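Trainee:
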Amino acid sequence: MISIPLGVAAALHLGEFASPKSRRFLKPIVEVLSGIPSVVHGFFALLVISPFMQRTIDATYFNAASAIIVVAAMILPIIVSISDDAIRAVPREIKEAALGLGATRWEMATKVVLPSARSGIVAAVLLALARAVGETMAVTMAAGSVAALHFDPRLEVQTLTAYIAQVATGDIPPGPATDAGFAVGSALFVLTYSVNILAIGATRKRLGANKGKMSSLFFEIKAKLSMLLEKLRGEVKYNLTQSNPFIPTKYDLFRRRKEKVSRFFVASSLFVGLAFLLILLQTILETGLAGIDLQFLTNFPSYRADQAGIGPTILGSLWLIALTMLFALPAGVGAAVYLTELAPEGILNQFLRRTIQNLAAVPSIIFGLVGLYIFSRMFGFGLSLLTGSLTLAMMVLPMIVVTTEQALLAVPKSFRDAALGVGATRWQAVRHHVLPNAVPGIATGAILSVARALGETAPILFVASLFSKTAPTGIMDGFLALPIQIFFWTRHPKEAFHDLAASTILVLLMLLLILNFIAIFIRNRAEARRSW
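With the first letter of the sequence shown counted as 1, position 177 gets the number 177 in UniProt numbering; the numbers rise by one all the way through.
(1) Quick check on DSSP: helix, strand or coil for Q406?
(2) When DSSP labels each residue in this structure, what does R55 get in the three-state scheme?
(3) Label S186 either buried or exposed according to how many other C-beta atoms from any shown protein chain fall within 10 Å of its C-beta, with 16 as the threshold for buried.
(4) For N524, count neighbouring C-beta atoms within 10 Å of its own C-beta (all shown protein chains included) and say buried if the count is 16 or more, exposed if not.
(5) Where do the N-terminal and C-terminal ends of the alpha helix (DSSP H) with Q307 fall, by residue?
(6) Could you check if T192 is buried or exposed, using at least 16 other CB atoms within 10 Å of its CB as the buried criterion?
(7) Can you list, in chain order, the residues of its chain whose CB lies under 7 Å from that of G388, leaving out five sequence neighbours each side?
(8) For the alpha helix (DSSP H) holding M137, just list the boundary residues, first then last.
(9) If I measure Cβ to Cβ from L512 and keep anything under 7 Å in the same chain, skipping five residues before and after, which residues do I get?
(10) According to DSSP, is N63 part of a helix, a strand, or is it coil?
(11) Given a cut-off of 8 Å on the beta-carbon distance, is the pair L127 and L76 in contact?
(12) Grab me the residues of V396's own chain with a C-beta within less than 7 Å of its C-beta, minus the 5 sequence neighbours each way, in chain order.
(13) Assign Q158 to one of three DSSP states: helix, strand, or coil.
(14) Assess contact between the segment 146-158 and the segment 54-63, defined as three or more Cβ pairs (one per stretch) separated by less than 8 Å. Is contact present?
(15) Alpha carbon to alpha carbon, what distance is there between V434 and R416?
(16) Take the Cβ of E286 as the centre, count every other Cβ of all protein chains shown within 10 Å, and call the residue buried at 16 or more, exposed below.
(17) Is there contact here, the segment 96-106 with the segment 250-259, by at least three beta-carbon pairs under 8 Å?
(18) Just verifying my parser: in three-state terms, what is the DSSP assignment at A11?
(19) If you check the beta carbons only, do A496 and A305 fall under 8 Å apart?
(20) Can at least three beta-carbon pairs, one atom from the segment 114-134 and one from the segment 86-93, be found at a separation below 8 Å?
(21) Could you check the C-alpha separation between L281 and R23 for me, to the nearest Å?
(22) Can you confirm whether the segment 376-388 touches the segment 347-365 when touching is taken to mean that 3 or more C-beta pairs between the two stretches lie within less than 8 Å?
(23) Going straight from the alpha carbon of P153 to that of A59, what length do you get?
(24) Quick one: Cα of L198 to Cα of A123, how far?
(25) Closest to D499 by C-alpha separation, out of A407, F44, T425 and L129, would be which residue?
(26) In chain order, what residues of the same chain lie with their CB nearer than 8 Å to the CB of L506, ignoring the 5 residues before and after it?
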């Protein structure tokens, strides 16, 4: 109810009304908002939104309203980005025909463009719904952990993911209630997987509709223009025998005022998300910037806030990310090359690719459950760095496969045909002509995967150490990571540890910002040097 109208309106502003200069500025900001880890949103909800709700609507400290607001802010960029792509994919001929018949830009956007992009917008909403249902850390930190059946947003509630998180943190004692966490995870997996299938089906329907059929496109344009004309004929209320057609009528003036007001509100919806981002960053900077110094960056975690630091935590995160990419990158690139370039087209290939795409949107805490059962219990790796890295590798593997596949498909088919035409084998064509040209896209996908793994909390919540005084020296040692440290310090009752959590968030955001800038630099440099 909050994110859908705001997200679609913001996407409409970006796709139809924003200038190219403002679009180049606003779109990256939306992408930055989508890259903020969920544990950071949970920190903001618990320490800023919840106290505000207590003062304004007499809510409890943990309440559903805070979780609703923060999850709405988290899924807003998903709706904006995908809906914007769907809106910009509407054929230009439809827009020009509507404007040529006298429609204003607002009438063209709302009565022609939005209906044409409906399936893409539906896909965006479904994907955002899957993300909202599978969100763990922000909901766990803001909504609480009391399972109660009520409809009062001022009270504490418990979601499926919050129950699983309680199992992971040991808040639920061992026994049948703990084993039920796996049953809850199975139900969550089925729910989100089904929603993802519906979303991908809606997207494919939009992208594949009327492909290569110009007559179908013509009839689609004709039908939409007929609908527009009928609408305009029913609304026009002025004298057709007017002597001077260049003098605007009252209805013309009404349409102009309506367009100005509507475009203002559509633009304002985009700035709601930007305002949330600015308030979040301001809060974190004011709370945590003063605590960052050499002592904080090198000291060990401590029960005393004045002596606590994140030295071993930083090293644990670096170890974790390095091992994760060591496991995931070769497997992901190899799988993408095989499915895209070498495997024969058929039902099995389509099934594997569709499954990988669906797995990329599965809630991360599901991977934590699977990693705990397989790597920690079945293989006997315990709560170790190896278990954590294998769990994260399993989580980012679908993302690497999908981004690598897109990079390979971006290489022109003529490169392959030319190599095969001079006697090269399919592998030689891929090895010497396709992969070198796809390296920038593969590198960008790998860096974004690293950024996601670095900011994830839920999948390693099961296997990370609750308290570690030393950095890991081997893959079988226990470890702490930056998001885990933020989670536990945010839940600490003493306010001094909340300041430490804010300082840790700043360190994490700086690392993520550096990774994203590297990815953008590689992408822009590759596009500038591209010769096709």
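All residues carry an ideal CB built from backbone N, CA and C; glycine is no exception. Just so it is clear, the structure is predicted and the values come from calculations on it, not from any experiment.
Mentor: Quick answer:
(1) Here residue 406 refers to the residue found at position 406 when the sequence shown is read from its first residue. Correct three-state label for Q406: helix.
(2) Numbered from its first residue, the sequence shown carries residue 55 at position 55. It is helical.
(3) Position 186 of the sequence shown, counted from the start, is the residue given in the question as residue 186. Flag for S186 reads exposed.
(4) Numbered from its first residue, the sequence shown carries residue 524 at position 524. Counting Cβ neighbours within 10 Å, N524 comes out exposed, since fewer than 16 surround it.
(5) The sequence position of residue 307 within the sequence shown is 307, counting from 1. Neither: Q307 is in no alpha helix (DSSP H) and is coded neither H nor E.
(6) Translated into positions along the sequence shown, residue 192 becomes position 192. Label assigned to T192: buried.
(7) In the sequence shown, counting from the first residue as 1, residue 388 sits at position 388. Once the five neighbours on either side are set aside, the close Cβ partners of G388 are L320, I460, V463, A464 and F479.
(8) In the sequence shown, residue 137 corresponds to position 137, counting from 1. That run of the alpha helix (DSSP H) goes M137 to A143.
(9) Residue numbering aside, residue 512 sits at position 512 when the sequence shown is read from its first letter. If we look at L512 and ignore the five residues flanking it on each side, its Cβ neighbours are G35, A451, L454 and G455.
(10) Counting from one through the sequence shown, the residue named residue 63 turns up at place 63. The answer is coil: DSSP assigns N63 none of H, G, I, E or B.
(11) Locating residue 127 in the sequence shown gives position 127, counting from the first residue. Locating residue 76 in the sequence shown gives position 76, counting from the first residue. The answer is no: Cβ separation not under 8 Å.
(12) The residue given as residue 396 occupies position 396 in the sequence shown. Excluding positions up to five away in sequence, the list reads T324, A328, S449, R452 and A453.
(13) Working through the sequence shown from its first residue, we reach residue 158 at position 158. If DSSP states are grouped into helix, strand and coil, Q158 belongs with coil.
(14) yes
(15) Taking the first residue of the sequence shown as position 1, residue 416 is located at position 416. Taking the first residue of the sequence shown as position 1, residue 434 is located at position 434. Cα-Cα distance, rounded: 7 Å.
(16) Counting from 1 along the sequence shown, the entry for residue 286 is found at position 286. Label assigned to E286: exposed.
(17) yes
(18) Here residue 11 is taken as the residue at index 11 of the sequence shown, counted from 1. In the structure shown, A11 sits in a helix (DSSP, three-state: H, G or I).
(19) Residue mapping note: residue 496 aligns to position 496 of the sequence shown, counting from 1. Residue mapping note: residue 305 aligns to position 305 of the sequence shown, counting from 1. Against a cut-off of 8 Å, the Cβ pair of A305 and A496 comes out as a contact.
(20) yes
(21) Taking the first residue of the sequence shown as 1, we reach residue 281 at position 281. Taking the first residue of the sequence shown as 1, we reach residue 23 at position 23. Using only the alpha carbons, I get a separation of about 22 Å.
(22) no
(23) As a position in the sequence shown, residue 153 is number 153, starting the count at 1. As a position in the sequence shown, residue 59 is number 59, starting the count at 1. Approximately 8 Å, taken between the alpha carbons.
(24) Reading the sequence shown from its first residue, position 198 is the one you call residue 198. Reading the sequence shown from its first residue, position 123 is the one you call residue 123. The alpha-carbon atoms of L198 and A123 are separated by roughly 8 Å.
(25) As a first step, residue 499 is located in the sequence shown; it is residue number 499 there, counting from the start. Measuring from the Cα of D499, the nearest candidate turns out to be F44.
(26) As a position in the sequence shown, residue 506 is number 506, starting the count at 1. Counting only Cβ-Cβ distances below 8 Å, and skipping sequence neighbours, we find I284, L285, G288, L289 and I292.
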